[in-house]
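Down below is the structure, laid out as structure tokens.
So, in structure tokens, the structure goes:
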């Protein structure tokens, strides 16, 4: 029974109405064997280019539960994110992840005075969609027990995270390395709930995976760069 | 002329093979440039809508990948064949599928409707759920109570009877999908019965028997949830007044 009391708040936290881009950085495995890139880096707030991609339009116009190609879908609609912009939130969590993974000596978020280098990039996609779960919706009609019974429901989903023009500059504006574009499309069954809130939690989890691999990509790409 | 034609053919073949290949478990093929592999992922570069993008894929999604290395210059036919270096990697993807074992508890209440007796049962199940196994062998424990139908009991020639027994056996579950299980059980009964006939004579007999059961159980994937079962249960006993039975078992319970 004790487990029940632990699980209920967890479910509620995952599905609150005001959403934010975040995940538990403290639970990421500590990297000790990888080489730390010996520089202080200021990660500039990423440019938000999402409006230029046609597929993203629905995120800005529709609610989190909408119809796409005749099907009811759950999307990470912009309307429910906290007032802080998506790009600022993505940058902040990226910096936290870099520091936890010991990628650089230290990464800062938009604080140019602290560092000798800065990193820039542009978000093209932070897009999540998944099918609406009828099973979860029916379960929710039967109160807590119904919700618990269907809490394992999953629906097919698609999440795309794409950051382009990732570049590392020295503070005087000299380009040190063009790290290119980093893109990932996830297509799999995702946890679903009755009210379409879990897509926000699902895309946060995928961002964690994306950032984990982004760390490895940057580490590899900068391995042959000699810093002062 | 022939020699030039042969060189062109070989050069074209090298161009065709200049891309690396990733063959996914779902049959899709990625023509790409593999930039890095580590214990869990393969990183690659691919062209998408005139953009050169870097991406990655988990090894558990990959059936095999092929890395092609080609020398920068091709001085002659023999050198070309030496410098062309194709590395084919076929993955044992089972290595990358994480084995998960969880301990699961079920407490269920069953209502039983037999031809000769009706009753109830409270039962507990405990088992390890393994993601790579279709079969589950739970430890079960419980109590049951039943009342024999008066019409059936009146044929026995006894005034009253009382039965106590222990049951031991197996009740394996076979996974059909993430939620539905087939339950095939076989319990052995061992105990005694106390009988009083119409002349007031009491007697005690040892009894033994078997109780097979077959049914379906819905068990949710969630950590906590409601499970539901329906099945048929049979009994064959050496009892003097209750030798056999068959009936419906409706079960509802909690998974935690």
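Residue numbers (the working numbering), protein chains in the order written: chain A, 864 to 1091; chain B, 480 to 735. For glycine and all other residues, C-beta sits at the position ideal for the given N, C-alpha and C.
Residue i and residue j closer than 8 Å at C-beta
| i | j | result |
| --- | --- | --- |
| residue 941 of chain A | residue 949 of chain A | yes |
| residue 979 of chain A | residue 936 of chain A | no |
| residue 970 of chain A | residue 893 of chain A | no |
| residue 986 of chain A | residue 883 of chain A | no |
| residue 594 of chain B | residue 725 of chain B | yes |
| residue 674 of chain B | residue 720 of chain B | yes |
| residue 524 of chain B | residue 515 of chain B | no |
| residue 734 of chain B | residue 585 of chain B | yes |
| residue 847 of chain A | residue 1085 of chain A | This structure cannot speak to residue 847 of chain A, because chain A is shown only from 864 to 1091. |
| residue 590 of chain B | residue 582 of chain B | no |
| residue 613 of chain B | residue 657 of chain B | no |
| residue 545 of chain B | residue 567 of chain B | yes |
| residue 717 of chain B | residue 688 of chain B | yes |
| residue 684 of chain B | residue 672 of chain B | yes |
| residue 660 of chain B | residue 652 of chain B | yes |
| residue 707 of chain B | residue 731 of chain B | yes |
Neighbourhood of residue i by C-beta distance below 6 Å, restricted to the same chain and skipping five residues each side
| i | result |
| --- | --- |
| residue 554 of chain B | Note on residue 554 of chain B: pLDDT 35, under 50, position unreliable in the model; the coordinate value appears next. Result list for residue 554 of chain B: empty, nothing under 6 Å. |
| residue 533 of chain B | 524 |
| residue 996 of chain A | 1016, 1018 and 1055 |
| residue 1034 of chain A | 979 |
| residue 727 of chain B | 592 |
Residue range of the unbroken beta strand (DSSP E) whose run includes residue i
| i | result |
| --- | --- |
| residue 691 of chain B | 681-697 |
| residue 1039 of chain A | 1038-1054 |
| residue 706 of chain B | 704-716 |
| residue 1028 of chain A | 1017-1033 |
| residue 909 of chain A | No beta strand (DSSP E) contains residue 909 of chain A, which DSSP labels as neither H nor E. |
| residue 653 of chain B | 652-654 |
| residue 500 of chain B | 499-503 |
| residue 991 of chain A | 980-994 |
| residue 610 of chain B | Neither: residue 610 of chain B is in no beta strand (DSSP E) and is coded neither H nor E. |
Sequence-distant residues of its chain with Cβ nearer than 8 Å to residue i (five each side left out)
| i | result |
| --- | --- |
| residue 1065 of chain A | 991, 993, 1020, 1022, 1053 and 1054 |
| residue 1069 of chain A | 991, 1022, 1024, 1047 and 1049 |
| residue 885 of chain A | 952, 956 and 1067 |
Endpoints, the alpha helix (DSSP H) within which residue i is located
| i | result |
| --- | --- |
| residue 1104 of chain A | In this structure chain A extends from 864 to 1091, so residue 1104 of chain A is not present and cannot be described. |
| residue 752 of chain B | Because chain B here runs from 480 to 735, residue 752 of chain B falls outside it and cannot be looked at. |
| residue 963 of chain A | 949-963 |
| residue 731 of chain B | Segment 723-734 is the beta strand (DSSP E) holding residue 731 of chain B; no alpha helix (DSSP H) there. |
| residue 676 of chain B | Residue 676 of chain B -> not in any alpha helix (DSSP H); beta strand (DSSP E) instead, spanning 659-676. |
| residue 1071 of chain A | 1061-1084 |
| residue 538 of chain B | That residue, residue 538 of chain B, is in no alpha helix (DSSP H); it is neither H nor E in DSSP. |
| residue 640 of chain B | Where residue 640 of chain B is concerned, there is no enclosing alpha helix (DSSP H), although the beta strand (DSSP E) it sits in stretches over 637-649. |
| residue 1002 of chain A | 997-1003 |
Whole-Å CB distance - residue i paired with residue j, under 8 Å assumed
| i | j | result |
| --- | --- | --- |
| residue 711 of chain B | residue 695 of chain B | Actually they do not touch by this definition, with Cβ atoms about 10 Å apart. |
| residue 1090 of chain A | residue 902 of chain A | 5 Å |
| residue 967 of chain A | residue 899 of chain A | 7 Å |
| residue 607 of chain B | residue 580 of chain B | 5 Å |
| residue 888 of chain A | residue 963 of chain A | 5 Å |
| residue 646 of chain B | residue 667 of chain B | 7 Å |
| residue 988 of chain A | residue 916 of chain A | 6 Å |
| residue 925 of chain A | residue 938 of chain A | 7 Å |
| residue 1031 of chain A | residue 982 of chain A | 5 Å |
| residue 1043 of chain A | residue 1029 of chain A | 6 Å |
Close beta carbons around residue i, own chain, < 7 Å, minus the five adjacent residues each side
| i | result |
| --- | --- |
| residue 649 of chain B | 616, 664 and 665 |
| residue 1071 of chain A | 886 |
| residue 875 of chain A | Residue confidence for residue 875 of chain A is low, a pLDDT of 41 falling below 50, so the modelled location carries little weight; the figure read from the coordinates is stated next. For residue 875 of chain A, where only same-chain residues beyond five positions count, there are no Cβ hits under 7 Å. |
What residues in the stretch 695-708 of chain B have a beta carbon less than 8 Å from any beta carbon of chain A?
699, 700, 701, 702, 703, 704 and 705
Taking Cβ-Cβ distances below 9 Å as the criterion, which residues of the stretch 518-532 of chain B are in contact with chain A?
520, 522, 524, 525, 527, 530, 531 and 532
Chain-ordered residues of the stretch 1026-1044 of chain A with a beta carbon less than 7 Å from chain B:
1043 and 1044
Can you give me, in chain order, the residues of the stretch 502-518 of chain B that have a beta carbon less than 9 Å from any beta carbon in chain A?
514, 515 and 517
Residues of the stretch 1059-1089 of chain A with a CB closer than 8 Å to any CB of chain B: list them in chain order, please.
1076, 1079, 1080 and 1083
What are the residues of the stretch 707-721 of chain B that lie near chain A, defined by any Cβ-Cβ distance shorter than 8 Å?
none
Identify each residue in the stretch 598-622 of chain B for which the Cβ-Cβ distance to at least one residue of chain A is less than 7 Å, and report them in chain order.
none
In the stretch 1046-1060 of chain A, which residues sit with their C-beta less than 9 Å from some C-beta in chain B, listed in chain order?
1046, 1047 and 1048
If contact means a Cβ-Cβ distance below 8 Å, which residues of the stretch 971-1005 of chain A contact chain B?
none
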